[in-house]
Amino acid sequence: MLLGDGEEAIGDICDVVLSRRETAGHDRAALLRALAAIPGFYVPAFFAPRHHADGTIAEVVPLDPARPQVRKRVLFDLDRFAPPPNPIVPNLGVVHDRASIEVMRGCVKGCRFCQAGYVYRPLRERNPERVVEETTRLMARTGYEEVSLLSLSTGDYSGVNPVLKELMDRLAPERVAVSLPSTRVDALSPRILEQIRRVRKTGFTLAPEAGTQRLRDVIQKEYREEELLEAARLFADLGWRTLKLYFMIGLPSETEEDVVGIAELAARVAAAGGGRLAVTASVSTFCPKPHTPFQWAGQLSLEETRARHTLLRRELGRRRIAFRWHDAELSFLEGIFSRGDRRLADVLETAQRRGARFDGWSDRCRMDVWRAALAEHGIDPALYLRRRPLGETLPWDHLDAGLAKRFLLQDLARAVRGVLTPDCSIERCTYCGACDFKAVRNVDYHPTGAKGGEHRGGGISRWAELAVPSDANDPLPAWETRMWRQIRTRVAERRPVGSLRGGVDAAPLPAEIAIGGDGAADAGGEGNAEEWLGAVPSSLAPASVGPPAVQRIRLCYRKVGPARFIGTRELGTTFLRAARRARLPVAFSQGHHPLPRLSFGPAPPLGVSSDGEYVDVELTAPLDAAELVARLGAELPDGLETIEASEVPRSAPSIESEIESVTYRVDLGELDVPPAPEAVAAAVARFAAAPNVPVTKRGKSGTRTVDARRFVLALEPEGPDRLVVELRTGPEGTLKASALVGELLGLSSDASPALRVHKIATRFRVATEPAAATSA
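For the record, in the sequence shown the residue sitting at position 724 is 724 according to the working numbering, with numbers rising by one throughout.
Next comes the structure, spelled out in structure tokens:
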């Protein structure tokens, strides 16, 4: 299965499947190995869990040490892939029977219960002008009478106002309606609603999630109650007569007051509509999800869920509010499978064979079948519904959703205190781990924004202004979203951006309550969340203007074992996080987008191990080189080992400019059919005798033929199954050792990448290696 975005990965998967079908026939094991090499592709068979006696997981062991984790696939730029131009239009009515177009992917609002909001990070918006054009074409080709602008929170989409205006101008004459999915309360504006109602008032669901402000702060719902009441008044004034409110029960730290608060809030919303709104409260049971700050929380039991349903039925009935609820037994099953592990596969198969089919429909849910299947395989549901200790190995720890576990723990600590986490698209980066600050980062279409993101609004501002002209008396552009107008107003008033988010004065909550435990007795020595995270700073973001660099240290490190599969982008993130854990005073660049001053030498190709890589680390406070080696080395992951370091002048040339050549050892013994030593010796002799050796050089701009003799300084056998090659580096680049050896030996295109390559030496033009060894 693929983790993450599939637009680019689907081509890789098809290529592997087709290639293996031609070369390996129906060898399933070979196919799985090839698929596992695709970034983001997860093959469970290549990971083996070990369990404690109580059934909890001790560890998940990668059977291929080179791939200890599977990191999700990320589509960096949504604009690179247009929506499907010709979707199938059914002739019979189906669920979601309308056209849809994705306007943005990801959400950084940080609702702590929302798995999608975390695993789909970072935020990536589609070009508003393209959205209009592609939607217009989509509607012309399908004939749908409604189109939905899809995202996790379309009201926060930078171009929502001009897009709605342009679409309605084009589609309203055709009586085509535009709808939005469930919308954040604080993202609604009169301008959005006025456009949507031009054809017909499509249904609206607002998601308060919790009945009291205290609990909304715990779960990171930023809006205030007055904003919800204002939205209700606006709905009524613009002609809406029905409104659905979505809530959850069983949220961490929930009390009876919070449950009753659902009914009280729904009644106040109905009253705000002046009796013109029929309000429905839709309630579901909170199921903790992996890769969220609440992944350690416990879930309500069936009995607790039913008790809350009874309480709500009474309280909402007294206030004449319609009540809809998610079936308790379905939530029970959802909770088991949401945080389950592979042992549930047998349970699922057994239940299916015994008739479990359409269990998503409450009238078809056969709990007797599910309970029998669980019992048959010795599974106690409580194992999966319970609160998890913070230090427990989780079934999904080997699956990297791009989020640092420390960030999730830190956010859990904020939840315990009812403190909100900054929105990184508006205020500042919170270093959740989703971005590498180069290719992977927030992308929006607003003229300005928080540091660390890419803001493309300058290219569409003229178009947006034409679509939604500004009022002469309004200093702010009319096309901007409600949130951005609030920010600009506060900036104009010289108030901090953070002031638009209400403070929380409630006392810290005990962690045992906050994460669903039943007291300190079962905490297993973990203590409460605040104590456990006491050493974690409240903010990991660098200051926008930090102290200048005063020292530059050149570090030599080894990259072996699993670390050879860490790519260039990930390597910088890995070192930065290790430096932060080591409390090193790393300097950052100044300006709109501060970046850590870590300057790496030329990276070896992915999969190539190395005995000597180099990085320059600039510091804001003097530090002994030996101390840097020791402190940083203690925090780097397996396979990244610090060797030695020395101080270099801050004005010294870059590492790359000083490297003259690199020497590699190429191991031929791991090929399926290793060449004979005589054939290797003959190939080396032919190379030495030839006046020029044309080889194919592949780069970002394509392929070209070059003379290998210009790059190869030395080539000689080392034993019966190894070659040592020294390659020149410089402005023209260099050659890949595996590609060079593959061409010299006449290997197939599949065999060359399989060569095991190890970097054994780097030769500098000047003596820049550390003068004094300071080994870790």
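All C-beta atoms in this analysis are idealised placements derived from N, C-alpha and C, irrespective of residue type, glycine included.
Helix, strand or coil at residue i [DSSP, three-state]
i: residue 506; result: Note that residue 506 scores a pLDDT of 30, beneath 50, so its modelled location is shaky and nothing firm can be said.
i: residue 760; result: strand
i: residue 624; result: coil
i: residue 426; result: coil
i: residue 1; result: coil
i: residue 10; result: helix
i: residue 109; result: coil
i: residue 438; result: coil
i: residue 511; result: For residue 511, the predicted model reports a pLDDT of 40, less than 50, meaning its position is unreliable and no value from the coordinates is stated.
i: residue 350; result: helix
i: residue 153; result: coil
i: residue 697; result: strand
i: residue 448; result: coil
i: residue 691; result: coil
i: residue 17; result: helix
i: residue 501; result: Confidence is the limiting factor: at residue 501 the pLDDT is only 41, short of 50, which leaves the residue's position unreliable, though a coordinate-based value still follows. Correct three-state label for residue 501: coil.
i: residue 41; result: strand
i: residue 660; result: strand
i: residue 765; result: coil
i: residue 290; result: coil
i: residue 588; result: strand
i: residue 208; result: strand
i: residue 570; result: helix
i: residue 280; result: strand
i: residue 665; result: strand
i: residue 134; result: helix
i: residue 478; result: coil
i: residue 646; result: strand
Beta-bridge pairing of residue i - partner residues as DSSP gives them
i: residue 454; result: 443
i: residue 559; result: 610 and 640
i: residue 177; result: 146
i: residue 50; result: 59
i: residue 264; result: For residue 264, which the question treats as bridged, DSSP gives no partner whatsoever.
i: residue 104; result: 125
i: residue 616; result: 554 and 599
i: residue 79; result: Bridge partners of residue 79: none, in fact.
i: residue 400; result: 71
i: residue 23; result: Beta-bridge pairing links residue 23 to no other residue.
CA nearest to the CA of residue i, picked from the options
i: residue 299; options: 252, 621, 628 and 319; result: 252
i: residue 762; options: 663, 716 and 698; result: 663
i: residue 366; options: 330, 341, 267 and 400; result: 330
i: residue 168; options: 132, 181 and 726; result: 132
i: residue 273; options: 14, 287 and 242; result: 242
i: residue 609; options: 737, 357, 578 and 704; result: 737
i: residue 98; options: 107, 553 and 88; result: 88
i: residue 562; options: 764, 413, 755 and 67; result: 67
i: residue 172; options: 404, 704, 724 and 144; result: 144
i: residue 627; options: 651, 637, 658 and 584; result: 584
i: residue 307; options: 328, 370 and 765; result: 328
i: residue 101; options: 79, 150 and 54; result: 150
i: residue 406; options: 419, 391, 420 and 395; result: 391
i: residue 71; options: 116, 13 and 4; result: 4
i: residue 370; options: 361, 352 and 216; result: 352
i: residue 354; options: 388, 373, 402 and 362; result: 373
Nearest-angstrom Cβ-Cβ length linking residue i and residue j, presumed shorter than 8 angstroms
i: residue 229; j: residue 269; result: 6 angstroms
i: residue 124; j: residue 443; result: 5 angstroms
i: residue 175; j: residue 239; result: Contact flag wrong, Cβ pair sits at about 17 angstroms.
i: residue 20; j: residue 30; result: 6 angstroms
i: residue 631; j: residue 582; result: 4 angstroms
i: residue 212; j: residue 249; result: At roughly 12 angstroms, the Cβ-Cβ gap does not stay under 8 angstroms, so residue 212 and residue 249 are not in contact.
i: residue 481; j: residue 158; result: 6 angstroms
i: residue 224; j: residue 402; result: Actually they do not touch by this definition, with Cβ atoms about 31 angstroms apart.
Quiz prompt | Sequence ranges, beta strand (DSSP E) only - wholly within the stretch 703-742, length at least 3 | solution = You should have 712-717 and 722-728.
Practice problem: Enumerate, from N- to C-terminal direction, the unbroken alpha helix (DSSP H) stretches of 4 or more residues contained entirely within the stretch 216-256. | Solution: Here the runs fully enclosed are 225-237.
Quiz prompt | Sequence ranges, beta strand (DSSP E) only - wholly within the stretch 306-363, length at least 3 | solution = Look at the stretch 306-363 and you find these whole runs of beta strand (DSSP E), each 3 residues long or longer: 322-325.
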